[in-house]
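Per this note's numbering, the very first residue in the sequence shown carries number 769; after that it's consecutive.
Ideal placement from N, C-alpha and C gives every residue a C-beta, glycine not left out.
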Amino acid sequence: MYYMKIQNLLIKSEDQKLLVSKISHLIAIFFASIAGYAYFAFIPLFLSSKGFLDGQVIFIMLFMGVGMAVFSWIFGKISDKTGRRKIFFILALFGQVIVLSLLNLNNHIVFYCVLNFFRGLVLGMRMPASNALFADIMEKANKKEEVKMNLETTEVSGTQLSLFSATKSTGFAIGVLLSSTLISIFGVDSLVLFLIITTMISLIFAVPIRDIKKNGKSEIESNTEIPREDVINEGLINENNIPKKRSKVKIILYITVFFRQFGVIPFIQIISLLLDGAGIPVELWGIVIALNPILQVVAMVITGRIVDNPKFSEKILLAVGFILSSLTLLFYGIGSATSLISYFIFGQISLGFAWGCIYTGAVKYIINRAPLDRAFYMGIWITDLQIAKITSYLIFTFIWIIYTPAFTLPFAIFIPLIGLVLVYWL
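This is how it looks when you write it as structure tokens:
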């Protein structure tokens, strides 16, 4: 009974601390996403205003992907080993503020290449740690429910993960809308101040977050150390219900997503050129392009609930995502051939739900298959996405010297379907 009283007191205080961590984390990632997508969408315009040519802008932006590809898995591994996810999150946001503050310091192309590389480095530090930290918080809350309800397994649900994903996607959409409005009123130079302010807000809200895991133990477990035998004897948990070690993440997951990204990302990046080539009025471009991040919010919520249904595995969700990715390119191709905006809208709808399926399915698979190494495998996930993007940019840029993007669309349709075939072995 003595340990039962201690446990009840701990549960009350820990519930409050977990709630504060959860809310603080979501707000921090919301503002970080606002800054992140605004940077991605409009930093090319900022660089163009500095006198760089289109080819130079693409070359500069590639270095951000290189930085993320190199450091995501490294920082993810360190985060797993130390359990200090919060410090990586905060250091990355602080480093991002420094990078943004230096944007107007010099106009040399080498300077911006180095700056974008460090921007990729801090993203590689932040993203695996923040994803894993939110999963740790949710897993800890679920373990409390396991104690109360005597559940057999402890998993982070798709619904919980979709809350995190939908928060990021909402930040993406709002970031584009806010930054575009500011730029239209005050000019492109206002972008830097906007990015610094939103990142600083994110940094402030990241401070109250608490680390859950430290060297493989949760903070509450490290502090209390109630004997295992006493906990079992008091009836707090059933010994047979103690979570068992999960199997590792299969490399086939990264291969399937690589082909999807390789085939789709270049055409997403140049959708404005496709719309221009189809004769779509410029004033409608923003509406079409904004559909993707807006629909991602809806898709994340829906797919999060679907994947929690035992009838729908992560594998099925990934397969649906690959099919929708090919449909996206098909609609882009038909829209380019017919000059009808409706097909581009259908393409954006397919694109939003495609990424919702792929992201939710893959992240739930990673988070629950490797609970002690989730930041490392999320780092590999981010590295995989960046390598796919960089290689696709290089290869398709060369192809588009000979053939137009619209001409290559019918062939690109089949690339995501390679992932559809390979996902069978996941």
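Length-filtered (3 minimum) beta strand (DSSP E) runs lying within the region 1014-1075: none
So, is Glu1051 buried or exposed, given that buried needs 16 or more other C-beta atoms within 10 angstroms? Residue 1051 sits at position 283 when you count from the first residue of the sequence shown. That one is exposed.
Going by beta-carbon coordinates alone, are Thr927 and Asp1076 separated by less than 8 Å? One-based indexing of the sequence shown puts residue 927 at position 159. One-based indexing of the sequence shown puts residue 1076 at position 308. Yes. Within cutoff.
Can you tell me whether Lys854 is buried or exposed? The criterion is at least 16 other CB atoms within 10 Å of its CB, across all chains shown. Taking the first residue of the sequence shown as 1, we reach residue 854 at position 86. Classification for Lys854: buried.
How would you label Ile1062, buried or exposed, when you count the other beta carbons within 10 angstroms and need 16 or more for buried? Locating residue 1062 in the sequence shown gives position 294, counting from the first residue. Ile1062 comes out buried.
Which residues in the same chain have their Cβ closer than 8 Å to the Cβ of Ser739, if we skip the five residues on either side of it in sequence? The structure shown does not extend to residue 739, since the chain spans only 769 to 1194, so no value can be given for it.
So, helix, strand or coil for Ile802, using DSSP? Position 34 of the sequence shown, counted from the first residue, corresponds to residue 802. In the structure shown, Ile802 sits in a helix (DSSP, three-state: H, G or I).
Just how far apart, CA to CA, sit Cys881 and Ile1183? Mapped onto the sequence shown, residue 881 falls at position 113. Mapped onto the sequence shown, residue 1183 falls at position 415. Looking at the two C-alpha atoms, the distance is approximately 30 Å.
Simplified DSSP state of Asn910, which is helix, strand or coil: Looking up residue 910 in the sequence shown gives position 142. Three-state DSSP puts Asn910 in a helix.
Measuring only the C-alpha atoms, how far is Asp979 from Leu931? By 1-based counting over the sequence shown, the position of residue 979 is 211. By 1-based counting over the sequence shown, the position of residue 931 is 163. Whole-angstrom Cα-Cα distance: 19 Å.
For my contact list, Leu786 and Ile905 are in at a C-beta cut-off of 8 Å; report their separation, rounded to the angstrom. The residue you call residue 786 lines up with position 18 of the sequence shown. The residue you call residue 905 lines up with position 137 of the sequence shown. So it is a contact: roughly 6 Å between Cβ atoms.
Hey, Leu1190 and Thr938: beta-carbon distance below 8 Å or not? Taking the sequence shown and counting its residues from 1, one reaches residue 1190 at position 422. Taking the sequence shown and counting its residues from 1, one reaches residue 938 at position 170. Not closer than 8 Å, so no.
Below 8 Å, how does it come out for the region 1085-1098 and the region 960-979: are there three or more Cβ pairs, yes or no? no
Would you grab the beta carbon distance between Asn899 and Met1146 for me? Rounded to a whole angstrom, and I think it's under 8 Å. Along the sequence shown, read from residue 1 onward, the residue named residue 899 stands at position 131. Along the sequence shown, read from residue 1 onward, the residue named residue 1146 stands at position 378. That belief holds up - the Cβ atoms of Asn899 and Met1146 are roughly 5 Å apart, short of 8 Å.
How long is the line joining the alpha carbons of Pro976 and Leu929, rounded to whole angstroms? Position 208 of the sequence shown, counted from the start, is the residue given in the question as residue 976. Position 161 of the sequence shown, counted from the start, is the residue given in the question as residue 929. Their backbone Cα atoms lie some 21 Å apart in a straight line.
Apart from the five residues on each side of it in sequence, which residues of its chain come closer than 8 Å, Cβ to Cβ, to Val1056? The sequence position of residue 1056 within the sequence shown is 288, counting from 1. So the list reads Ile1039, Leu1043, Ile1048, Ile1109, Phe1112, Ile1113 and Gln1116, once near-sequence residues are dropped.
Whose CA, out of Thr1176, Arg1142 and Gly1187, lies closest to the CA of Glu907? What you label residue 907 is simply residue 139 of the sequence shown in a count that begins at 1. Ranking the options by Cα distance to Glu907, first place goes to Arg1142.
Name the two residues that bound the continuous alpha helix (DSSP H) containing Thr1172. One-based indexing of the sequence shown puts residue 1172 at position 404. Note, Thr1172: premise wrong, no alpha helix (DSSP H); not H, not E.
From Lys982 to Leu901, what distance separates their C-alpha atoms? Numbered from 1 along the sequence shown, position 214 holds the residue referred to as residue 982. Numbered from 1 along the sequence shown, position 133 holds the residue referred to as residue 901. Unreliable placement is indicated for Lys982, whose pLDDT of 49 sits below 50; the coordinate value is still reported in the next sentence. Near 11 Å, if we compare the C-alpha coordinates of Leu901 and Lys982.
Let's test the definition: count the other Cβ atoms within 10 Å of the Cβ of Thr1172 and tell me whether it reaches 16, buried, or not, exposed. Numbered from 1 along the sequence shown, position 404 holds the residue referred to as residue 1172. Thr1172 should be labelled exposed.
So, is Ile791 buried or exposed, given that buried needs 16 or more other C-beta atoms within 10 angstroms? By one-based count along the sequence shown, residue 791 stands at place 23. Ile791 should be labelled exposed.
Over what stretch of residues does the alpha helix (DSSP H) that includes Lys849 continue unbroken? Taking the sequence shown and counting its residues from 1, the one referred to as residue 849 is at position 81. Start and end: Asp822 to Thr850.
Check whether the Cβ atoms of Val867 and Val834 sit closer than 8 Å, and answer yes or no. For the purposes of this step, residue 867 is taken as the residue at position 99 of the sequence shown. For the purposes of this step, residue 834 is taken as the residue at position 66 of the sequence shown. The answer is no: Cβ separation not under 8 Å.
Cβ shell of Asn875 (< 8 Å), same chain only, five flanking positions each side left out: The residue you call residue 875 lines up with position 107 of the sequence shown. Excluding sequence neighbours, Asn875 sits near Lys818 and Gly819.
Do you know how far the Cα of Thr1159 is from the Cα of Trp1175? In the sequence shown, counting from the first residue as 1, residue 1175 sits at position 407. In the sequence shown, counting from the first residue as 1, residue 1159 sits at position 391. Rather than Trp, the amino acid found at residue 1175 in this sequence is Phe. Their backbone Cα atoms lie some 20 Å apart in a straight line.
Do you know whose CA, among Ala1105, Trp841, Tyr1133 and Asn1060, lies nearest Phe1080's CA? In the sequence shown, counting from the first residue as 1, residue 1080 sits at position 312. Closest option to Phe1080, Cα to Cα, is Tyr1133.
Which residue from Gly1129, Ser1107, Gly1072 and Ile1070 puts its Cα closest to that of Lys1083? Within the sequence shown, residue 1083 is the residue found at index 315, counting from 1. The option with the nearest alpha carbon to Lys1083 is Gly1129.
When DSSP labels each residue in this structure, what does His793 get in the three-state scheme? For the purposes of this step, residue 793 is identified with residue 25 of the sequence shown, where counting begins at 1. Correct three-state label for His793: helix.
Among Ser789, Leu1194 and Ile877, which one has its Cα closest to the Cα of Pro812? Your numbering for residue 812 matches position 44 in the sequence shown. It is Ile877.
Please name the residue in Thr1165, Leu1041 and Phe973 whose C-alpha comes closest to that of Leu861. Locating residue 861 in the sequence shown gives position 93, counting from the first residue. Cα-wise, what sits closest to Leu861 is Phe973.
Thinking C-alpha only, which one of Ile1033, Trp1123, Leu963 and Val944 is nearest Gly1054? Within the sequence shown, numbered from 1, the residue matching residue 1054 stands at position 286. Looking at the Cα atoms, Val944 is the closest of the given residues.
Of all the options Leu1140, Ser947, Leu1085 and Ala1067, which has the alpha carbon lying nearest to the alpha carbon of Phe808? Locating residue 808 in the sequence shown gives position 40, counting from the first residue. Measuring from the Cα of Phe808, the nearest candidate turns out to be Ser947.
Confirm, please, whether the CB-CB distance from Leu1085 to Thr1106 is below 8 Å. Locating residue 1106 in the sequence shown gives position 338, counting from the first residue. Locating residue 1085 in the sequence shown gives position 317, counting from the first residue. No, Cβ-Cβ distance for Thr1106 and Leu1085 is not below 8 Å.
Leaving out the 5 sequence neighbours to the left and right, which residues in its chain are closer than 8 Å to Phe885 when beta-carbon positions are compared? Position 117 of the sequence shown, counting from 1, holds the residue named residue 885. The residues are Phe831, Met832, Val834 and Gly835.
Would Ala837 and Gln1154 be called neighbours here (beta carbons separated by less than 8 Å)? As a working mapping, residue 837 is identified with position 69 in the sequence shown. As a working mapping, residue 1154 is identified with position 386 in the sequence shown. For Ala837 and Gln1154, yes; Cβs fall inside 8 Å.
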